[in-house]
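Chemist: Got a structure for you, written out below as structure tokens; questions coming shortly.
Numbering (the UniProt record's numbering), first residue to last: 1 to 127.
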């Protein structure tokens, strides 16, 4: 079987592919899935477009994201304590999903940006 040639993340459609694949894995993940499905009880129809906007803004400076991710994670932490393990595992899944689908400067950037955002959140949320 011939391996598909990976391209870089070029636009919002690529972000949608990445985000959908990532959260598809998250929902059934043994380490962090419960945080999304049982604790936060995420409405995926509402959440996924917000994540498309978030990453579109991060990578392409679209300006179409409004929200306070830090507050959302702080509230989640009040319901069920988040740990460094949770954040590290989220990053591991994110990087693997990016690597499975894309390669190039934007793919590298989205992994670096996710790591930075996650580290900042972890430092502010995990006590």
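No residue lacks a Cβ here, since even glycine has one placed at the ideal position from N, Cα and C.
Which whole-angstrom value describes the C-beta separation of residue 51 and residue 19, a residue pair presumed to lie in contact below a C-beta threshold of 8 Å?
Modeler: The Cβ separation is near 5 Å, so the contact holds.
Chemist: Looking at residue 106: is its Cβ nearer than 7 Å to the Cβ of residue 95?
Modeler: No.
Chemist: Buried or exposed for residue 15, please, with buried defined as at least 16 other CB atoms from any protein chain shown within 10 angstroms of its CB.
Modeler: Residue 15 should be labelled buried.
Chemist: Below 7 Å CB to CB, which residues in the same chain sit around residue 71 once its five sequence neighbours on both sides are set aside?
Modeler: There are no such residues.
Chemist: What number of angstroms, rounded off, separates the C-alpha of residue 88 from the C-alpha of residue 113?
Modeler: Looking at the two C-alpha atoms, the distance is approximately 14 Å.
Chemist: Apply the 10 Å Cβ neighbour rule to residue 99 and answer buried if 16 or more other Cβ atoms are within range, or exposed otherwise.
Modeler: When all chains shown are included, residue 99 counts as exposed.
Chemist: Please check the pair residue 64 and residue 56, which I expect to be a contact at CB under 8 Å, by giving their CB distance rounded to whole angstroms.
Modeler: That pair is a contact at about 6 Å.
Chemist: To the nearest angstrom, how far is it from the Cα of residue 66 to the Cα of residue 5?
Modeler: Roughly 34 Å between the two C-alpha positions.
Chemist: What's the gap between the Cα of residue 104 and the Cα of residue 90?
Modeler: Cα to Cα, the separation comes out at about 21 Å.
Chemist: What number of angstroms, rounded off, separates the C-alpha of residue 102 from the C-alpha of residue 59?
Modeler: Taking the straight line joining both Cα atoms gives about 14 Å.
Chemist: Report the rounded CA-to-CA distance for residue 115 versus residue 37, giving the unit in angstroms.
Modeler: Approximately 23 Å between the Cα atoms of the pair.
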